[in-house]
């Protein structure tokens with residue numbers, strides 16, 4: 177568990193974080209989101225002491241982080257940044273092995289961990305281990321960055337706008353990959369973004385900050401979208417909270433009309449969300465799409481079905 181207790185970060189002429197108090201539970205993904213200047217990256221960096229708090233206490237499992245040796249603290253926490261920061265002269269395997277090497281792991285143990293992580297991020301060691309970062313796509317470099325952060329199997333993973341510089345298609349794939357990885361490794365993840373859609377998709381809970389590092393609301397995505405607690409929260413969410421809520425409802429939870437007669441050509445995978453279904457329906461000339469699982473058609477979905485399901489979820 178990570179605990180912020182009245183944490184303040186003050187610079188000469190401004191307050192970046194203003195008496196921030198929140199608890200991040202072990203194994204959950206918490207998203208820090210808000211406009212530029214809201215202190216989200218500063219708050220993240222105070223966890224591994226890249227930035228030192230001016231006041232207040234940050235604790236990990238009830239231990240004040242100021243009592244740790246700073247190098248030991250940082251090596252025990254995974255850290256992923258937007259531009260990845262891979263060492264260009266080192267291979268993929270050497271990059272992933274950075275922290276295990278610093279911790280003095282044996283070559284055999286390190287090699288086994290590198291191979292395990294490459295398999296985890298779906299970049300087979302036989303094909304990728306000896307490549308240099310310049311030989312990878314942007315999405316592949318970002319996945320290697322995540323693997324490097326997981327190198328020594330830390331309990332905590334800090335991610336500072338890791339997908340911000342990636343094109344939209346690769347970004348969605350990386351978001352889905354992170355959700356898959358988290359279902360496997362179950363780390364405590366603190367993730368910074370300015371994108372509320374990304375926050376809603378990835379977070380178990382979302383901390384919405386306003387300028388000066390003031391915590392406006394800390395809640396599950398469902399609670400945040402359904403019950404904003406201030407005008408600032410309502411304004412930041414904009415006009416699309418109901419559409420965003422569709423991303424929280426699995427298609428598998430929806431009662432689907434059966435297929436009677438000819439079915440439309442357009443389809444959507446049953447493993448998706450109502451947001452995916454809405455996108456497919458809007459692209460379809462018929463306004464109706466099949467819900468499929470592999471080769472099997474499970475039923476039909478259209479705007480009326482989506483609307484009714486979203487109303488029941490309120």
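In my numbering, the protein residues as written are 177 to 490. We put the beta carbon where it would ideally sit given N, CA and C, even for glycine.
Check your understanding: What's the C-alpha gap between residue 281 and residue 328?
Key -> 9 Å
Point to revise | CA-to-CA distance, residue 454 to residue 468, given in whole angstroms | key: If you take the alpha carbons of residue 468 and residue 454, they lie about 15 Å apart.
Review point. Taking contact to mean at least 3 C-beta pairs separated by less than 8 Å, is the segment 426–436 in contact with the segment 398–410?
Key: no
Exercise for review: Can you say whether residue 239 is buried or exposed, counting buried as having 16 or more other CB atoms within 10 angstroms of its CB?
Suggested key: Residue 239 comes out exposed.
Review point. On the three-state DSSP scale, how would you describe residue 317?
Key: Helix, per DSSP.
Point to revise | Reduced DSSP secondary structure (H/G/I, E/B, other) of residue 297 | key: coil
Exercise for review: Hey, could you find the ends of the beta strand (DSSP E) residue 472 is sitting in?
Suggested key: 472–478
**Study point:** Endpoints, the beta strand (DSSP E) within which residue 233 is located
**Key:** Counting along the chain, the beta strand (DSSP E) containing residue 233 begins and ends at 231–236.
Check your understanding: Are residue 444 and residue 478 close, meaning C-beta to C-beta below 8 Å?
Key -> no
Point to revise | Reduced DSSP secondary structure (H/G/I, E/B, other) of residue 178 | key: strand
Exercise for review: Let me know the alpha helix (DSSP H) ranges lying completely inside the segment 237–272, each 4 residues or longer, listed in chain order.
Suggested key: 246–251 and 268–272
Practice item. List the residues that DSSP assigns as beta-bridge partners of residue 443. Key: 466
Check your understanding: In whole angstroms, what is the alpha-carbon distance linking residue 119 and residue 183?
Key -> This structure cannot speak to residue 119, because the chain is shown only from 177 to 490.
Review point. In its own chain, which residues sit with a C-beta less than 6 Å from the C-beta of residue 286, not counting the 5 before and 5 after it?
Key: If the five residues before and after residue 286 are omitted, its C-beta is found closer than 6 Å to the C-beta atoms of 273 and 276, all from its own chain and listed in chain order.
Exercise for review: Tell whether a beta-carbon distance below 8 Å holds between residue 492 and residue 249.
Suggested key: Past the edges of the chain, shown from 177 to 490, lies residue 492, and the structure says nothing about it.
Review point. Would DSSP call residue 393 helix, strand or coil?
Key: strand
Practice item. Could you please give the first and the last residue of the uninterrupted beta strand (DSSP E) stretch that includes residue 387? Key: Segment: none, residue 387 is in no beta strand (DSSP E) and carries neither H nor E.
Review point. Are the beta-carbon atoms belonging to residue 424 and residue 209 less than 8 Å from one another?
Key: no
Exercise for review: Report the rounded CA-to-CA distance for residue 375 versus residue 306, giving the unit in angstroms.
Suggested key: C-alpha separation (whole angstroms): 34 Å.
Check your understanding: Start and end of the beta strand (DSSP E) containing residue 359?
Key -> Note, residue 359: premise wrong, no beta strand (DSSP E); alpha helix (DSSP H) at 344–361.
Point to revise | Assumed close pair residue 172, residue 459 - CB separation to whole angstroms, cut-off 8 Å | key: Here the chain comprises residues numbered 177 to 490, so residue 172 is not present and cannot be evaluated.
Check your understanding: Below 8 Å between beta carbons: does that hold for residue 299 and residue 311?
Key -> no
Point to revise | Residues sharing a beta bridge with residue 185, DSSP | key: 193
Check your understanding: Can you give the Cα-Cα distance for residue 342 and residue 314, rounded to whole angstroms?
Key -> 7 Å
Review point. When we look at the beta-carbon of residue 304 and count the other beta-carbons within 10 Å, is it buried (16 or more) or exposed?
Key: buried
Check your understanding: DSSP three-state call for residue 381: helix, strand or coil?
Key -> Residue 381 sits in a strand when the DSSP states are folded into three classes.
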